[in-house]
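Take any residue in the sequence shown, count from 1 to its spot, add 72: that is its number in the working numbering. Data first, discussion second: the structure below is written as structure tokens.
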Amino acid sequence: MAGDQPVGMTIGSFTSVSLEPALVAWLPTRDSATWAQIKASGSFCANILSAHQGDVCGVFASRSEDKFADVAWRAAGSGSPIIEGSLGWIDCDIDAIHPAGDHDIVVGAVRSLAVSGADDGPLVFFKGALGTFDAH
């Protein structure tokens, strides 16, 4: 959040770091204006988009000023946005930031998380295109 306005971005790398304590990490470009706003808030909520949310992914990958203009959301416990229709979300407080080249490695301490139970597959980016996969 930037004040009372939600902010968001599409990220390409997100990973589990530790189960105890529950930690995750992601890698934003250091000079991103959106990352600066998220960093200032001290928290973030990672949303797992469904295969049918490619348009949402595109909006958050853009430089649009109001990325939430046409995106329904609700606040997580941290105040960070949970995107409606996402397959799941992970609400975190920023635990550590480590510089790595032109990116930061952001470690988040998990506050809460949920899975929607929807039957859709996750949205993935592979070979330059958005798609999904069917887990067996």
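Yeah, the Cβ is synthetic: ideal placement off N, Cα and C, and Gly gets one too.
Euclidean distance between Cα positions of V182 and W98: 13 Å
| request: Name the one or two DSSP bridge partners that P194 has. | output: S122
Requested in this report: State the Cα-Cα distance for the pair H175 and H124, rounded to the nearest angstrom.
Outcome: Distance from the CA of H175 to the CA of H124, rounded to the nearest whole angstrom, comes to 29 Å.
**Prompt:** How should K199 be labelled, buried or exposed, when 16 other C-beta atoms within 10 angstroms of its C-beta is the threshold for buried?
**Reply:** Within a 10 Å sphere around the beta-carbon of K199 sit fewer than 16 other beta-carbons, which makes this residue exposed.
* Which listed residue (I110, P93, L91, E92) has its alpha carbon closest to that of A74 -> I110
(request) Compare the C-alpha of E137 against each of P78, F205, F197 and name the closest. (result) P78 is the residue among P78, F205, F197 whose C-alpha sits nearest the C-alpha of E137.
task: Between the Cα of S90 and those of D167, L195, A207, D206, spot the shortest distance and give me the residue it belongs to.
output: Residue D167 is the option with its Cα nearest to S90.
- At what residue ranges does the region 106-161 contain a whole run of the alpha helix (DSSP H), taking only runs of 4 or more? Listed in chain order, they are 126-133.
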